[in-house]
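What follows is a short report on a single structure.
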Amino acid sequence: MAVATAISDEGAVDVRDRGDVRRQIRLVSVFGLVLLALVFFYLKIDDFGVKYTLGERVTKDDPAKDLDAQTIMIAGLVVVAVALLLAVVNKVPKGALGGLIYFLVGVAFFAGFVFWNYADQTGTFSVAIINPFPGTIRLATPLIFGALAGCLCERAGVINIAIEGQFLMGAFFASVASSLAFSAEMGLVGGIAAGVAMAALLGVFALRYQVNQVVLGVVLIALATGLTDFLLSQIPDDPDIKKYLNEPLILEKVPVSGLVDIPVIGPALFNQTILVYIMYGSVVFVTLLLFQTTWGLRVRSVGEHPKAADTVGINVNRIRWQAVLIGGVFAGLGGAFFTVGSTGTFDSNASAGNGFIALAAVIMGRWHPVGATLASLLFGFCFTLQAQLAFLDKIPGELLRASPYLVTVIAVAGFVGRVRPPAADGEPYVKS
Amino acid sequence: MSTQAPAPPPGAAPEPAEPEPRTDLRDPRSWLPSVKVTAGAFVIALVIGAFVIAFSDDDVIESLSYFGSYPWDFFTRSADAVWSSYSALVRGSVGSSNAIASTLNRSAPLICAGLGVTLAFRAGLFNIGAQGQLIVGAICAGYVGFTWDLPPVLHLVVALIAGLLGGAVWGAITGFLKARTGAHEVITTIMFNYLAASILIFALGHDTFQRPGSDNALSPKVDDSATFGKPLGDGFPVHTGVVLAILAGFAVWWLLERSTWGFELRAVGANADASRTAGMSVAKVYTLAMLFAGLLAGLAATMQVLGNQNSLSPTLPGSIGFDAITVALLGRATPLGTVLAGLLFGAMSVGGVAMQASAGTPKELTDVLQALIVLFVAAPALVKGMLRIRETGGGSTVMAKGWGS
């Protein structure tokens, strides 16, 4: 079916290209599945009494309130039905209005899914729906930092698979620095130092010795894993010494007065640690840096066509070095999250694969800092929701644990599809 | 498209791209430089390792406090520490027939999974998913192994095939997704690793996979009828699966170098666009390459489950799937290289445990050593610079493209 044709009322031939047909098929099937799922959720619920709170937990001052789940679900059903109808007659608008429709369908599905999970609880005390956004931001923070590091390196044409390695070293040395200086903020400095050191290693081997960068990334991860485990085993159990090496202080939450009282997003955005605030600034900084400055233009040019960049007098390897080292700063901060930013003490393999997920976020976000941030937030949201729903027994915990990864595969295979990396990504540049 | 050409040493005159010289084993000039660089990489890695050992030894640190007045102590104690660690490493891995057998048993899964990564590499695919493919293979092989009741040899064969199929299906899905939708294999294989881990935990939560009388997430061992035998007895307890691993090495070599499909695979790996223009089905190559990569990872799983008779547990796969990537890289994505690298890594991990037991050096040191070796092997220019090797050539790196497209 290369081209589907239809004769419209005026007798003109209305030619539809293949992409349009495929889009319609996809929309109808997605909206249809969502509608089916919502109907299923609606029929499965016996008692629509659901409690909710806008805080992160139910407290005395902030008791759980009742929610009219039935009305919301019916509204959701109507929205999805309308969207499905639009899709069937192929009238789903493109652009912002279309985006709004996708968003509403997404929200309707999500609401139905959550209500189904929280309704009909059989336990002795009922669990209320809590605000998932503070957790989303928190868990997305290291991913965003890692993804920013990845974007910077890869836009300059240096593949950085070693984000996981930078995380591990950053986490370890953040813990050491914080323990030595008795200050959580010094931990961030330690994390940055370790992240930049790993980035320098990446730079030396990738740029000076032109090692295959995919190989290099894997090796650096192995090196960081081995080295942190080795150093960890060298820290004596004697509490008097351990106190100075692996018992860091943890960053305190710093609520921004005024802004924190905004409902729903206030506690999510403005009741976080300083690391999270640095993350907001970093996303803006990297985006502006890459797309609004001369330096950013140079970075992108050496990543796309180093020879052309060289011809106009840009020192390709110097720009790449700068991008890799600045990326190291962010990766180190992301690593610091796993010790001083969350649990404190460094354990073996503290970053637990988050570096790989940050790498996936870079690719899902199409090598753009904002795209990568949104992808990271999606992961953070899935992780948070998974942790919250684990208390309920509607879905087996193992399946829930798998859900963020399943969501990624569906998103990448179904919606992101073929992506185009920077043209010279991974290609060492030798001046000739 | 960023095919990694062997990098000329920095500062050297640019060389015109020349076809890689055919490796002819009778002519030492073709392989000697490469061997020299590899040996040099080992030496440098071991020297760095020696420093780490010396400075992690309590006696050596103690002697540093009076280094100014009596430096000799520092050197003798360092030498002692380094010697005892490295000799324990060697003795523990190849020092006795028992040690050699455990090295072989430990190497077999690394070799198989490494071959899977190698095969995918040659098709231009970066398969991080050996871990997940191995887990699914282990679940399938284990399930057949401890629930079905079949006569001895048949049981083994059926369990083996189940393991192979499990890994192959898991690998093929990612290959198919890449071929059909363009979903990047690095993302999908990573995600499929996590999915496989979840499936394993899910399975262990069910009675079928639960060892009777145990509260841990632990399966029963596979029946004796489904295990690889140990024909050489207790003196040399190596299981027959090791032979399969070596045969797999031959099979991959034949597939890559002698078969038509292997030619297509290498062509797609070198330049997918050109291959498509030449009429090859890139989608088919991607899917099949990942299928075979998964099959080999599944074979690695059977080594663990049917060979070493390990129970299924969340820690069963360990880091084999990730070590397999390093093994494939050290082996420069060639079958022979992968087999040798797998043997080396197996020896180091068996020897590392012995080293920790007898010399007190943490076994994590072997992980550092492994990473350093691969790092230096991948950077021939650095090794040549440090050791003043003058020869050109030798040290072609793995043909892996950037992100591909």
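Protein sequences appear in the order of chains A and B.
Residue numbering for the first sequence follows this note's numbering, beginning at 1 and increasing consecutively.
Residue numbering for the second sequence follows this note's numbering, beginning at 1001 and increasing consecutively.
By construction, the Cβ of each residue, glycine as well, lies at the ideal position given by its N, Cα and C atoms.
Under 9 angstroms between C-beta atoms of residue i and residue j
i: Thr-228/A; j: Phe-356/A; result: no
i: Gly-1229/B; j: Thr-1174/B; result: no
i: Gly-165/A; j: Thr-225/A; result: yes
i: Leu-290/A; j: Pro-369/A; result: yes
i: Gln-121/A; j: Leu-392/A; result: yes
i: Leu-188/A; j: Ile-278/A; result: yes
i: Val-219/A; j: Leu-1375/B; result: yes
i: Val-1081/B; j: Gly-1092/B; result: Here the sequence assigns Ala to residue 1081/B, which means Val is not the residue at that position. Contact: no.
i: Ser-1085/B; j: Leu-1365/B; result: yes
i: Ala-336/A; j: Leu-377/A; result: no
i: Ala-352/A; j: Leu-148/A; result: no
i: Val-127/A; j: Tyr-118/A; result: yes
i: Phe-1345/B; j: Gln-1304/B; result: no
i: Ala-206/A; j: Ile-159/A; result: yes
i: Leu-1387/B; j: Leu-1115/B; result: no
i: Pro-1317/B; j: Ala-1301/B; result: yes
i: Val-1090/B; j: Ser-1078/B; result: no
i: Leu-1306/B; j: Leu-1119/B; result: no
i: Ala-1203/B; j: Leu-1312/B; result: yes
i: Val-1136/B; j: Trp-1170/B; result: yes
i: Gly-1269/B; j: Leu-1125/B; result: yes
i: Val-89/A; j: Ala-83/A; result: no
i: Lys-65/A; j: Tyr-52/A; result: yes
i: Ala-1347/B; j: Val-1327/B; result: no
Amino acids of chain B, ordered along the chain, whose beta-carbon sits closer than 7 angstroms to that of residue i
i: Tyr-209/A; result: Ala-1379, Ala-1381, Leu-1382
i: Leu-385/A; result: Within chain B, no residue comes near Leu-385/A; the closest Cβ sits about 15 angstroms away, beyond 7 angstroms.
i: Val-21/A; result: Within chain B, no residue comes near Val-21/A; the closest Cβ sits about 17 angstroms away, beyond 7 angstroms.
i: Tyr-405/A; result: Met-1191, Tyr-1194, Leu-1195
Bridge partners - residue i, DSSP secondary structure assignment
i: Val-1242/B; result: Val-1242/B pairs with nothing; no bridge assigned.
i: Gln-272/A; result: Val-254/A
i: Asp-68/A; result: Gly-49/A
i: Ile-129/A; result: Tyr-52/A
Closer than 8 angstroms: residue i CB and nearest the ligand ADP heavy atom
i: Val-218/A; result: This structure lacks the ligand ADP; in fact it carries no ligand of any kind.
Cross-chain neighbours of residue i in chain B, by beta carbon under 9 angstroms
i: Glu-304/A; result: Simply none; closest approach about 12 angstroms.
i: Ile-395/A; result: Within 9 angstroms Cβ-Cβ: nothing; Ile-395/A doesn't reach chain B, min ~11 angstroms.
i: Leu-216/A; result: Leu-1375, Ala-1378, Ala-1379
i: Ile-363/A; result: His-1184, Val-1186, Ile-1187, Trp-1403
i: Phe-205/A; result: Leu-1375, Ala-1378, Ala-1379, Leu-1382
i: Arg-401/A; result: Tyr-1194, Ala-1197, Ser-1198, Ile-1201, Phe-1202
i: Phe-173/A; result: Residues of chain B passing the Cβ test: none, with the nearest at roughly 16 angstroms.
Chain A contact residues for residue i, given Cβ-Cβ distances below 8 angstroms
i: Gln-1370/B; result: Ala-222, Gly-226
i: Phe-1417/B; result: Absent from the structure is residue 1417/B, since the part of chain B shown begins at 1001 and ends at 1405.
i: Thr-1277/B; result: Near Thr-1277/B there are no residues of chain A at all, since even the closest Cβ is about 18 angstroms away, more than 8 angstroms.
i: Thr-1326/B; result: Val-218, Val-219, Ala-222
Partner residues on chain B for residue i, Cβ-Cβ distance less than 8 angstroms
i: Glu-398/A; result: Ser-1198, Ile-1199, Ile-1201, Phe-1202, Gly-1205
i: Ala-360/A; result: Val-1186, Ile-1187, Ile-1190, Met-1191
i: Thr-408/A; result: Ile-1187, Met-1191
i: Phe-356/A; result: Ile-1128, Ile-1190
Within chain A, partners of residue i - CB distance below 7 angstroms
i: Glu-1364/B; result: Gly-226, Asp-229, Phe-230, Ser-233
i: Ser-1358/B; result: Simply none; closest approach about 16 angstroms.
i: Leu-1177/B; result: Ala-413
i: Ser-1056/B; result: Gln-234
Chain-ordered neighbours of residue i on chain A, where CB pairs are closer than 9 angstroms
i: Asp-1367/B; result: Ala-222, Leu-223, Thr-225, Gly-226, Leu-227, Asp-229, Phe-230
i: Leu-1329/B; result: Asn-212, Val-214, Val-215, Val-218, Val-219
| Which full runs of the beta strand (DSSP E) of 3+ residues lie inside the region 275 to 317 of chain A, going along the chain? | Segments of the beta strand (DSSP E) lying fully in the region 275 to 317 of chain A: there are none.
| Sufficient close CB pairs (3 or more, under 8 angstroms) joining the region 1343 to 1360 of chain B to the region 203 to 210 of chain A | With a cut-off of 8 angstroms, the region 203 to 210 of chain A and the region 1343 to 1360 of chain B do not count as touching, because too few Cβ pairs lie within range.
| Continuous alpha helix (DSSP H) assignments of at least 4 residues falling wholly in the region 1204 to 1287 of chain B | Counting only runs that start and end inside the region 1204 to 1287 of chain B, the alpha helix (DSSP H) elements of at least 4 residues fall at 1241 to 1258, 1260 to 1270, 1272 to 1277.
| request: Quick one: which unbroken alpha helix (DSSP H) runs of 4-plus residues sit fully inside the region 1318 to 1374 of chain B? Chain order, please. | output: Correct list: 1320 to 1330, 1335 to 1359.
| request: Enumerate, from N- to C-terminal direction, the unbroken alpha helix (DSSP H) stretches of 4 or more residues contained entirely within the region 1085 to 1157 of chain B. | output: With a minimum length of 4 residues, the continuous alpha helix (DSSP H) runs that stay inside the region 1085 to 1157 of chain B are 1097 to 1122, 1130 to 1147.
| Does the region 1143 to 1160 of chain B touch the region 1325 to 1342 of chain B, meaning 3 or more C-beta pairs lie closer than 8 angstroms? | Using a Cβ-Cβ distance cut-off of 8 angstroms, the region 1325 to 1342 of chain B and the region 1143 to 1160 of chain B are not in contact, since fewer than three pairs of beta carbons, one from each stretch, lie closer than that value.
| field | the region 1129 to 1147 of chain B in contact with the region 1209 to 1225 of chain B per 3-pair CB rule at 8 angstroms | value | Yes, since at least three Cβ pairs between the region 1129 to 1147 of chain B and the region 1209 to 1225 of chain B fall closer than 8 angstroms, the two stretches touch.
| Between the region 1175 to 1195 of chain B and the region 379 to 393 of chain A, are three or more C-beta pairs nearer than 8 angstroms? | No, because fewer than three Cβ pairs between the region 1175 to 1195 of chain B and the region 379 to 393 of chain A fall closer than 8 angstroms, the two stretches do not touch.
| query | Between the region 303 to 313 of chain A and the region 413 to 424 of chain A, do at least 3 Cβ pairs fall closer than 8 angstroms? | reply | Short answer: they touch.
| task | Write down every uninterrupted run of the alpha helix (DSSP H) in the region 138 to 222 of chain A whose length is 4 residues or greater and which is fully enclosed by it, in chain order. | result | With a minimum length of 4 residues, the continuous alpha helix (DSSP H) runs that stay inside the region 138 to 222 of chain A are 163 to 181, 184 to 203.
| said: Within 8 angstroms, do at least three Cβ pairs link the region 173 to 182 of chain A to the region 407 to 415 of chain A? | reply: The region 407 to 415 of chain A makes no contact with the region 173 to 182 of chain A: fewer than 3 CB pairs, one atom from each, lie closer than 8 angstroms.
| query | Looking at C-beta atoms only, is the number of pairs between the region 308 to 328 of chain A and the region 130 to 140 of chain A that lie closer than 8 angstroms three or more? | reply | By the C-beta criterion, the region 308 to 328 of chain A is judged not to be in contact with the region 130 to 140 of chain A, since fewer than 3 inter-stretch pairs fall below 8 angstroms.
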